[in-house]
Amino acid sequence: MKYVVLLGDGMADYPTEKLGGKTPLQCAFTPFMDQIAAEGTLGRVDTIPAGLNPGSDVATLSVLGYDPLENYTGRGPLEAASMGIAIEPNDMVYRCNLVTIGDKESPGAFMEDFTAGHISTEEAREIILDINKELGLPPYQFFPGVGYRHLFVWRDAPDAPETTAPHDITGKPIAEYIPRGNSFEEINSIMRRAGEILLNHPVNAKRKNAGKKQANAIWLWGQGRKPQIVPLTQKYALSGGMISAVDLLKGIGIIAGLKVFPVEGATGYIDTNYDGKAKMALDILNFMDFVFVHLEAPDEMGHEGNAAGKIQAIELFDEKIVGPILNKIGSFGEYRIIVLSDHPTPLDLKTHVGDPSPFAVLSSIKEENKAAGLPFNEITAKESSILISPGYLLMEKFIKDWKTIVS
427 MKYVVLLGDG MADYPTEKLG GKTPLQCAFT PFMDQIAAEG TLGRVDTIPA
477 GLNPGSDVAT LSVLGYDPLE NYTGRGPLEA ASMGIAIEPN DMVYRCNLVT
527 IGDKESPGAF MEDFTAGHIS TEEAREIILD INKELGLPPY QFFPGVGYRH
577 LFVWRDAPDA PETTAPHDIT GKPIAEYIPR GNSFEEINSI MRRAGEILLN
627 HPVNAKRKNA GKKQANAIWL WGQGRKPQIV PLTQKYALSG GMISAVDLLK
677 GIGIIAGLKV FPVEGATGYI DTNYDGKAKM ALDILNFMDF VFVHLEAPDE
727 MGHEGNAAGK IQAIELFDEK IVGPILNKIG SFGEYRIIVL SDHPTPLDLK
777 THVGDPSPFA VLSSIKEENK AAGLPFNEIT AKESSILISP GYLLMEKFIK
827 DWKTIVS
């Protein structure tokens with residue numbers, strides 16, 4: 427049996443006036459996802475437990491079969507795993523965004539752009555390495571990642587302050603969201619000193635001259651200590667691979683025992699290499715049992731409030747990833763394939779919410795399909811009688827006992 431997970435990050439949404447009262451999934455042309463839903467089994471999955479932030483970290487752990495209430499320690503250590511950073515139990519790992527703060531020197535300073543204008547990996551690397559030269563003295567260390575996404579590690583650290591994800595406060599005054607609580611003075615001092623380094627940084631000078639947004643601050647958040655979980659590959663006695671451009675997903679994959687397969691041109695944005703991801707997934711299925719393909723683009727478009735961009739990302743996901751894999755998966759013998767969103771990222775809110783998301787599973791075994799003939803979107807999924815809650819139960823059913831869901 428082959429198992430394929432196709433995840434469109436933040437793909438789910440709310441009906442919006444931008445689209446005449448419809449969702450992007452309703453508006454997008456998605457014949458292959460619709461085929462999986464119509465011929466297979468359509469439902470919803472509740473990936474975000476009450477009380478936890480509706481992030482892709484929590485949601486992806488749920489999708490892979492881990493109870494976030496027991497296994498989630500924070501986003502930072504998951505990304506550290508993807509970067510091969512050695513973490514000890516007492517270390518605290520923070521996600522470090524390069525961001526653009528509007529009206530930075532005024533009392534009304536606000537989060538203008540949590541991506542610093544989608545700064546390139548090359549530009550960001552130069553900045554983070556320079557920050558580390560100045561501030562990366564024991565017990566502190568900065569590590570460059572991809573695009574605007576980086577890491578800050580505090581070795582043998584005290585408990586962390588309360589922090590806020592920058593993508594949750596776009597357009598809002600930052601004074602209300604700076605770190606508070608345990609060790610907040612040290613964290614705020616590091617953020618302030620990094621901002622001083624960025625003020626006259628050569629990369630920012632070039633970006634300013636080119637009319638681009640400047641990375642004029644860092645934002646520390648998503649902290650946590652090293653998690654301890656049983657690998658999915660061990661739990662289900664199978665081999666598997668992860669395809670994603672995003673360090674967070676790579677790290678979760680590594681911790682879950684999946685081998686990460688890089689795809690040239692995978693950017694974590696709408697300009698990613700869709701064809702390369704589909705080809706890599708099919709190649710992996712030649713010698714592994716399980717493959718997880720992640721696409722970040724719909725989530726990024728949701729954060730931007732870009733309706734046309736989100737529809738385009740969904741359609742490209744369907745045409746260039748879902749379609750090619752669906753058309754060829756039968757050549758590997760028996761299979762189950764699932765397409766889903768991990769959480770909604772509504773266009774009108776520009777941030778994640780914890781509502782249940784649609785999923786659809788198609789099995790090569792006819793008796794494992796409801797075949798209700800419904801297309802794939804939030805509205806039809808809600809009409810289905812199937813809601814998997816808590817969401818971490820989905821993976822075990824998908825791999826071991828899908829027929830019980832259908833019956």
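If you use the numbering used here, the sequence shown corresponds to residues 427 to 833, in order. All C-beta atoms in this analysis are idealised placements derived from N, C-alpha and C, irrespective of residue type, glycine included. Please read all numbers here as calculations on a predicted model, not as lab measurements.
- Going by alpha carbons, who is nearest to residue 639 out of 524, 688, 741 and 734? Closest in C-alpha terms to residue 639, from the list 524, 688, 741 and 734, comes 524.
- DSSP three-state assignment for residue 783, whether helix, strand or coil: It is a strand residue.
- Item | Residue nearest to residue 440 in terms of C-alpha spacing, selected from 750, 815, 760 and 731 | In terms of Cα proximity to residue 440, the closest of 750, 815, 760 and 731 is 731.
- Beta-bridge pairing of residue 578 - partner residues as DSSP gives them: Per DSSP, 520 and 568.
- Message: What would DSSP say about residue 649, mapped onto helix, strand or coil?
- Response: Three-state DSSP puts residue 649 in a strand.
- Query: Going by other Cβ atoms of all chains shown within 10 Å of its Cβ, with 16 needed for buried, is residue 587 buried or exposed?
  - Reply: Residue 587 should be labelled buried.
- Which stretch, first to last residue, makes up the alpha helix (DSSP H) that contains residue 439? Segment: none, residue 439 is in no alpha helix (DSSP H) and carries neither H nor E.
- Which residues DSSP lists as bridging residue 765, in chain order: Bridge partners of residue 765: 432 and 786.
- Using the C-alpha atoms, what's the distance from residue 560 back to residue 448? Taking the straight line joining both Cα atoms gives about 50 Å.
- Query: Considering only C-alpha positions, which residue in the set 728, 675, 746 and 695 is nearest to residue 706?
  - Reply: Of the listed residues, the one whose Cα sits closest to residue 706 is 746.
- Spatial neighbours of residue 555 in its chain, beta-carbon cut-off 7 Å, leaving aside the 5 residues before and after: Cβ neighbours of residue 555 within its own chain (closer than 7 Å, five residues either side excluded): 570.
- Query: Going along the chain, which residues of its own chain have a beta-carbon closer than 8 Å to the beta-carbon of residue 677, five neighbours each way excluded?
  - Reply: When the five nearest sequence neighbours on each side are left out, the beta carbons in the same chain lying within less than 8 Å of the beta carbon of residue 677 are those of 503, 504, 505, 506, 507, 508 and 509, in order along the chain.
- Message: For residue 729, list the residues DSSP reports as bridge partners.
- Response: Beta-bridge pairing links residue 729 to no other residue.
- Query: Alpha carbon to alpha carbon, what distance is there between residue 756 and residue 589?
  - Reply: Residue 589 and residue 756 have their C-alpha atoms some 46 Å from each other.
- Query: Residues bridged to residue 474 by DSSP?
  - Reply: Looking at the DSSP output, residue 474 shares a beta bridge with no other residue.
- Message: If distances are taken between C-alpha atoms only, which option among 788, 698, 772 and 787 comes closest to residue 781?
- Response: Looking from the CA of residue 781, the closest CA among 788, 698, 772 and 787 belongs to 772.
- Message: Using only the alpha-carbon positions, how far apart do residue 572 and residue 729 sit?
- Response: Rounded to the nearest angstrom, the two C-alpha atoms are 18 Å apart.
- Task: Give me the Cα-Cα distance between residue 666 and residue 493, rounded to the nearest whole angstrom.
- Result: For residue 666 and residue 493, the distance between alpha carbons rounds to 20 Å.
- If you follow the beta strand (DSSP E) that residue 539 is part of, which residue opens it and which one closes it? Its beta strand (DSSP E) spans residues 536-539.
- Should the segment 731-742 be called in touch with the segment 542-554, which here means at least 3 C-beta pairs below 8 Å? Contact between the segment 731-742 and the segment 542-554 is absent: fewer than 3 CB-CB pairs across the two stretches fall below 8 Å.
- Message: If contacts are defined as beta-carbon pairs under 8 Å, then residue 668 and residue 686 qualify, I think. What distance do you get, rounded to the angstrom?
- Response: Confirmed, Cβ separation roughly 5 Å.
- Task: Output the distance between the C-alpha atoms of residue 908 and residue 541, rounded to the nearest integer angstrom.
- Result: The requested residue 908 is not part of the displayed model; the chain covers only 427 to 833.
- Helix, strand or coil for residue 418, going by three-state DSSP, please let me know. Outside the shown range of the chain, which is 427 to 833, sits residue 418, and nothing can be said about it.
- If we count Cβ pairs, one from each stretch, closer than 8 Å, do we get three or more for the segment 516-536 versus the segment 653-661? Three or more beta-carbon pairs separated by less than 8 Å are not found between the segment 516-536 and the segment 653-661, which leaves the two stretches without contact.
- Determine the DSSP secondary structure at residue 718, reduced to helix, strand or coil. Strand, per DSSP.
- Message: Less than 8 Å between the beta carbons of residue 802 and residue 456, yes or no?
- Response: Yes; because the gap between Cβ atoms is below 8 Å, this pair is in contact.
- Item | First through last residue of the alpha helix (DSSP H) which encompasses residue 500 | Residue 500: not part of any alpha helix (DSSP H); DSSP gives it neither H nor E.
- Message: On the CB-based measure, 16 or more other CB atoms within 10 Å of its CB, does residue 424 come out buried or exposed?
- Response: The requested residue 424 is not part of the displayed model; the chain covers only 427 to 833.
- Task: Report yes if the C-beta distance between residue 647 and residue 584 is below 8 Å; otherwise report no.
- Result: In this structure, residue 584 does not lie closer than 8 Å to residue 647 by Cβ.
- Query: Is DSSP giving residue 637 helix, strand or coil here?
  - Reply: DSSP places residue 637 in coil when its eight states are reduced to three.
- Opposing strand residues paired with residue 468 [DSSP bridges]: Answer is 786, bridged to residue 468.
- Query: Counting pairs of beta carbons, one from the segment 781-794 and one from the segment 763-770, are three or more of them closer than 8 Å?
  - Reply: Below 8 Å, enough C-beta pairs join the segment 781-794 and the segment 763-770 to call them touching: three or more.
- Task: Tell me whether residue 617 sits in a helix, a strand or coil according to DSSP, three-state version.
- Result: Residue state, collapsed to three classes: helix.
- Would residue 636 be called buried (16 or more neighbouring beta carbons within 10 Å of its own) or exposed? Under this definition residue 636 is an exposed residue.
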